[in-house]
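Shown next, in structure tokens, is the structure this report addresses.
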Amino acid sequence: MKFLIECTFVYEHPNYNSGIQRVVRNILANLSGKPTQYEVIPVILRDSRVFEVKKLEPAGVEMFRANLLYAKLVQLRMRYWLLFDRLSAHWPFRASSLLETALLFAMKLAGLAVFYIPITFLSRICRKKEIGERIVEFKVNSGDVLVLLDSSWHADIFSLVDELKGRGVVIVSVIYDLIPLTHPRYCHRGLVPIFQHWIQWAARTSDGFIAISQTIRDQMKEYVFQTVREAKSGHQWFDYFHLGTELDLMEKSPAIRQELQNVFDGPTGRSLVYLMVGTIEPRKNYGFLLNAFELLWQKDEPFVLCLAGKVGWRCEDIVTRVKNHREYNKRLFMFNDLSDAELEYCYRSSRSLVYPSYVEGFGLPLVEAMQRCLPVMASDIPVFREIGGDFVAYFDPDQPQTLVALIMDFEKKGIFPAARKLEEWSWLNWEDSAKLFFNAIKSHVSGASRQG
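As structure tokens, then:
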């Protein structure tokens, strides 16, 4: 029995560093190539074939540049279709389905020349050079376990996975969250039908599911039981694991830009900086933070708000509001491209992490911050209660005054307003997380094999 860990998106986008990519890299780093009873092999699914990954990062400067250009074009294509979302939401397209269809056709035609042809060309160049050097075709046998660890809803893998399942391969899906299903209003419109199609397929196809939190495991279990009647017979299993905290790309960009250092070494002093880490998108609730800190600044409080996150979707209003704010680059700062070393610097230099998300699958910045002795103020949602317990101070994500009250209480008393002291808190590293992940899957698969 071999455990095949799918990492297609991370392999093809080596310059991406958001939450899922960090999980994939760290799980693979702590599992593949390690001496165990079972062989763990990183794989990608491409062109209806399975390839073993020999090198996760591009080999050679030219190969790396080709991959970066390919990834940049893919990123620009996503922003191009975000433009369609914005345009179609306004008059006259909103008032006429015919005009909206015409706009869609025109943008598809333009996208064919600007994106599809160059992306296809670059993809073929990269793939021709990498076979043998970075990847080799892999023969999958009956009884092997394919773990869909990466963001596989983006990939055209359904028919291949269905074929592998028909040949006796065990399929395990990793579930990061169900937000496009449960909270579609917070998502890019184009993602919602893609994700919903994927989750329906995964619910029918997978032999088991492992989520990144107990909260998401329970949501997935309920969804599957409501969607797939066969699941009620007990043929599918559900489990979860928790994520680690190390920033694995620390050594790649060790320098801290002076502009960032100035935020913490400025006139207000580093002890007054409150930090938010996360992609700028609707569910992260950035507007709430601005509202809360505007209430503080109206009282002439010296506190600084530092926002650290790449620009995502449906965030134009927030980005514009930040850049046009009278406190921008005074008591309000925004960085969209921090390296891991710079993120580490922020965690270790801030007063508190403030995290007002409406919905999350886990909340990786919470544990990253607390592991570095940075206390956390977070929205009162179930998954944060699961992860942070009594060590986090909670506020109502719809009431900015509740965060203001926490900050003022903290500053007045000098004691962080959580039920338990952060000094008593401990968490997993990525090695522990990978062990939990692998052992959970192994126990379920082995148990099913014995029953079979």
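Position 241 of the sequence shown, counted from 1, bears residue number 1194 in the numbering used here, the numbering being contiguous throughout.
All residues carry an ideal CB built from backbone N, CA and C; glycine is no exception.
Short of 8 angstroms from the beta carbon of Gln-1354, and not among the five residues preceding or following it, lie these beta carbons of its own chain, in chain order: Ala-1245 and Leu-1248. Counting C-beta pairs closer than 8 angstroms gives fewer than three between the region 1324-1331 and the region 1274-1288, which falls short of the contact rule. Membership of Ile-997 in any alpha helix (DSSP H) is not indicated; the residue belongs instead to the beta strand (DSSP E) covering 992-999. For Gly-1161, the enclosing beta strand (DSSP E) starts and ends at 1161-1164. Contact annotation, Phe-962 with His-1107: C-beta distance approximately 6 angstroms; criterion of less than 8 angstroms satisfied.
Counting of Cβ neighbours within 10 angstroms places Ile-1070 among the exposed residues, the total staying below 16.
Rounded to whole angstroms, the Cβ separation of Glu-1297 and Leu-1200 is 6 angstroms, and the two are in contact under 8 angstroms.
Secondary structure at Phe-1369: coil, using DSSP grouped into helix, strand and coil. In this structure, Leu-1319 lies away from Tyr-1311, with their beta-carbon atoms at least 9 angstroms apart.
For Leu-1317 and Ser-1049, the gap between their C-alpha atoms comes out near 42 angstroms. Distance check between Thr-1158 and each of Ile-1165, Leu-1117, Asp-1130 and Leu-1102 places Leu-1117 closest, using alpha-carbon atoms only.
With a minimum length of 3 residues, the unbroken runs of beta strand (DSSP E) contained wholly in the region 1251-1298 fall at 1257-1261 and 1285-1288. A direct Cα-Cα distance of roughly 10 angstroms separates Val-1145 from Thr-1135. For Ile-1271, the CB contacts under 8 angstroms within the same chain, skipping 5 residues up- and downstream, are Ile-1233, Tyr-1239, Gly-1240 and Leu-1243 in chain order. For Asp-1290 against Lys-1263, the beta-carbon gap comes to about 7 angstroms, under 8 angstroms, which counts as contact. Under the three-state reduction of DSSP, Lys-1061 is assigned to helix.
In the three-state reduction of the DSSP assignment, Glu-1005 falls in the strand class.
Ranked by how close their Cα comes to the Cα of Thr-1168, the residues Ile-1128, Tyr-1139 and Gln-1189 have Ile-1128 in first place.
For Leu-1101, DSSP records a beta bridge to Ser-1126.
Judged by beta-carbon spacing, Glu-959 lies beyond the 9 angstroms limit of Val-1177, meaning their Cβ atoms are not closer than that value. A residue is called buried once 16 or more other Cβ atoms fall within 10 Å of its Cβ, and Glu-1212, having fewer, is exposed. For the options Val-1230, Val-1345 and Thr-1273, the alpha carbon positioned closest to that of Gly-972 is the one of Val-1230. Contact annotation: the region 983-992 touches the region 1384-1397, with at least three C-beta pairs closer than 8 angstroms.
Excluding its 5 nearest sequence neighbours in each direction, Trp-1378 has C-beta neighbours in its own chain below 6 angstroms: Met-1323 and Phe-1344, listed in chain order.
Looking at the backbone, the Cα of Glu-1376 and that of Ile-1209 are separated by about 27 angstroms. Of the residues Leu-1029, Val-1089 and Lys-1395, the one whose Cα lies closest to the Cα of Trp-1266 is Leu-1029.
Nearest to Leu-1056 by C-alpha distance, out of Arg-1039, Leu-1228, Pro-995 and Val-1067, is Arg-1039. Around the beta-carbon of Trp-1044, fewer than 16 other beta-carbon atoms lie within 10 Å, marking it exposed. Rounded to the nearest angstrom, the Cβ distance from Val-1125 to Asp-1160 is 7 angstroms, consistent with a contact under 8 angstroms. Rounded to whole angstroms, the separation of the alpha carbons of Val-1257 and Gln-1251 is 13 angstroms. Just measuring C-alpha positions, the residue of Gly-1342, Pro-995 and Leu-1260 sitting nearest Glu-1090 is Pro-995.
Under a 10 Å Cβ-count criterion, Ala-1155 is classified as buried, with 16 or more other Cβ atoms of the shown protein chains found around its own Cβ. A Cβ-Cβ separation of about 7 angstroms places Ile-1152 in contact with Leu-1131 under the 8 angstroms criterion. In this structure, DSSP gives Leu-1389 a helical state, which the three-state scheme calls helix.
Annotation for Glu-1234: no alpha helix (DSSP H) segment contains it, and DSSP assigns it neither H nor E.
According to DSSP, Leu-1026 shares a beta bridge with no other residue.
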